[in-house]
Amino acid sequence: MIKQRLIAVIVVRDGRVVQSEKFKHDHVIHSDAIHAVESFSRWDVDEIVMLNVSKDRTSREVFVDVVERVSKVCFVPLTAGGFVDDEGYAAQLIKSGADKLILNTVFFNSPGVGKAIADRFGRQCLVASIDVRPINNSERVVYVDRGTVSTGKKLEDWIVHCESNGAGEIFINNIEHDGDRRGYDIVSILKAVDKTTLPIIAFGGAFQDKHFAEGLEAGASAVAAANIFHYKEMATKQVKRYLKRKGFNVREQ
Amino acid sequence: MSSPIGILDYGCGNIKSVSNALKACGYDSKLVTNVAELDDIEKLVLPGVGAFDYAVESITATGIVEALIRWTEDESKMLLGICLGMQLLCRGSEESLKNYDGLGLIDAYVKKLDSPKECRLPNIGWSEVIFKNPEYTQNNGDYYFVHSYGAYCDKEENVLAYSHYGDRKFSSAITNGRNIYGYQFHPEKSQKKGLALLSNFAKL
């Protein structure tokens, strides 16, 4: 039986690892992502996601370099993304050591690209990153372009859209939870789990051990976090131990 | 001095991850892109991240298929297919919309994972691999999977290891019983256990 995953997210701006808080990235954590990856790779992390959140597209080449260097010490799956808006760049990231790709805005601007990437690398290689904001307690609307542009679409409809354009996994972040330590947006996770049979990855807001358990209880196949894992030594091991104790089906090395 | 391990580069594999992992195990690797480069290779990895049809078209485009099949007829040569690379070793796949054949090196057919209701598809994450041969029990443990299809062998003797998808069993490692192996999981992305398994292949 497949195990429930713990994913470390590394947010990269202009080649440096940064902290993410409501999609602002002003605080540099590491100047070199390789240190973060080396530690995560040792500390029971099941997977690593690297997001390029730089302000503009010219950062693509620097990001490829980071992926290439990091992949040399990364012996867990590495998912990379940010500005993946054509098949050529997708292939370049894979060639540089990424195992999966994470796409967001392209599902809005040119969804055909998602489909082309899936036809080439397979659906299992393509993660749809979906950022939402609440309209009220129960409704979520999807934003793209690093949270700046509203699509006007409901989360449920967007999941169907991404799935029909090649997505094999759904990575959900609520912008208002991002970096604010209050736990995942459970409403979004429940909606996603209900809408699709693709695996769901919860992201945004996890800070305490119990937050990870809440994400899995809501039905997510994987729970992800960024900031917390950089600041607390061995935090990932601690979370794994906690989840194991609570009876979740997690991997320990 | 052993010769470098070949990695077949046909445009659909995570070749970098495989070469990085071999390097971490202490083995040099060399990309193989054409027939001539196959000559001095003793061991070859056929990686694969992708869709079956695209992979068949890409590997056919390299013009290497016939030579590769002949190469495997020499049983001192060792071939390892990983993930989609493993699926290519089989006769064919249900995934193929164009009815392409696989390489037909292992008597198996690739089918969509039989999906129990509670399971999500694709099957992504770490899952236990149980080797049938007691000699390999030290290799039992969690490995990383990312797939929607699996190989179903005609004969039980071609199954090296099992894993579970929900309560259903599938073959997670297969062989032709001689010199060809296939892993559905990614040893190159399965930390220490995976690297140990790759080392085993390199040492064969």
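Protein chains in written order, with this note's numbering: chain A, 1 to 253; chain B, 1 to 204.
Backbone N, C-alpha and C define an ideal beta-carbon position, used for all residues, glycine too.
Scanning chain A for C-beta atoms nearer than 7 Å to the C-beta of B:Lys-189 yields Phe-75, Val-76, Pro-77, Asp-99, reported in chain order.
With respect to chain B, the C-beta atom of A:Leu-198 has a partner C-beta closer than 8 Å.
Minimum Cα-Cα distance from B:Tyr-149 among the listed residues B:Ala-55, B:Glu-94, B:Val-56 corresponds to B:Glu-94.
Put simply, the stretch 36-48 of chain B does not touch the stretch 101-119 of chain A. Fewer than three CB pairs are less than 8 Å apart.
Note on geometry: alpha-carbon atoms of A:Ala-226 and A:Ser-20 lie some 8 Å from one another.
Neighbourhood of B:Tyr-54 in chain A, by CB distance below 9 Å: Asp-119, Arg-120, Phe-121, Gly-122, in chain order.
Of the residues assessed, B:Lys-16 falls on the buried side of the cut-off, its CB having 16 or more other CB atoms within 10 angstroms. When Cβ-Cβ separations below 8 Å define contact, B:Tyr-152 makes no contact with chain A.
Looking at the backbone, the Cα of B:Ser-58 and that of B:Leu-79 are separated by about 19 Å. Taking 3 residues as the shortest admissible run, the stretch 79-163 of chain B contains the following complete beta strand (DSSP E) segments, listed from N- to C-terminal end: 108-112, 123-131, 141-147, 149-153. Listed in chain order, the positions of the stretch 41-53 of chain B with a beta carbon within less than 7 Å of a beta carbon of chain A are Val-49, Gly-50, Ala-51. Residue pairing from DSSP places B:Lys-30 in a beta bridge opposite B:Gly-6. The Cβ-Cβ distance between B:Leu-160 and B:Thr-175 falls below 8 Å. Using a C-beta cut-off of 8 Å, the stretch 225-245 of chain A makes contact with the stretch 2-22 of chain A, since at least three inter-stretch Cβ pairs fall below that distance.
Judged by DSSP secondary structure, A:Val-144 falls within the beta strand (DSSP E) whose first and last residues are 140-144. In the displayed model, A:Tyr-89 falls within a helix according to three-state DSSP.
Taking a cut-off of 8 Å for Cβ pairs, the stretch 162-175 of chain B and the stretch 105-116 of chain B touch, as three or more such pairs fall below it. Taking 8 Å as the cut-off, the beta carbon of B:His-186 is found closer than this to the beta carbon of B:Cys-83.
Assigned with DSSP and collapsed to three states, A:Lys-22 falls in coil, not helix or strand. A:Phe-23 is positioned such that its CB atom lies no closer than 8 Å to that of A:Gly-215.
Nearest C-alpha to A:Pro-134 among A:Lys-191, A:His-27, A:Leu-93, A:Asp-85: A:Lys-191. If you compare the alpha carbons of A:Gly-97, A:Asn-249, A:Lys-195 with that of A:Phe-212, the shortest gap goes to A:Asn-249. If you draw a straight line from the Cα of B:Glu-66 to the Cα of B:Glu-73, it comes to about 11 Å. Rounded to the nearest whole angstrom, the CA to CA distance from A:Phe-207 to A:Gly-183 is 6 Å. The Cβ atoms of A:Asp-209 and A:Tyr-242 lie closer than 8 Å to each other. With its beta carbon at least 8 Å from every one in chain A, B:Gly-6 lies outside the interface. Annotation: the stretch 90-134 of chain A contains the following complete segments of the alpha helix (DSSP H) (minimum length 4 residues), in chain order: 106-109, 111-121. The three-state secondary structure of B:Phe-170, taken from DSSP, is strand.
From the beta-carbon of B:Asp-107, no residue of chain A is found nearer than 7 Å; the closest lies around 24 Å away.
The shortest C-alpha to C-alpha distance from A:Glu-61 to any of A:Lys-154, A:Thr-196, A:Asp-46, A:Val-84 is the one to A:Val-84.
Of all residues in the stretch 141-168 of chain A, only Gly-168 come within less than 8 Å of chain B when Cβ atoms are compared, listed by chain position. Counted as a single uninterrupted DSSP element, the beta strand (DSSP E) harbouring A:Ile-10 occupies residues 5-13. When Cβ-Cβ separations below 8 Å define contact, B:Pro-122 makes contact with chain A.
Separation of A:Tyr-89 and B:Leu-198 (C-alpha to C-alpha, rounded to the nearest whole angstrom) is 29 Å.
Relative to B:Tyr-152, the option among B:Leu-22, B:Glu-135, B:Thr-137, B:Lys-111 whose CA is nearest is B:Lys-111.
For A:Gln-253, the nearest beta carbon of chain B is closer than 8 Å to its own beta carbon.
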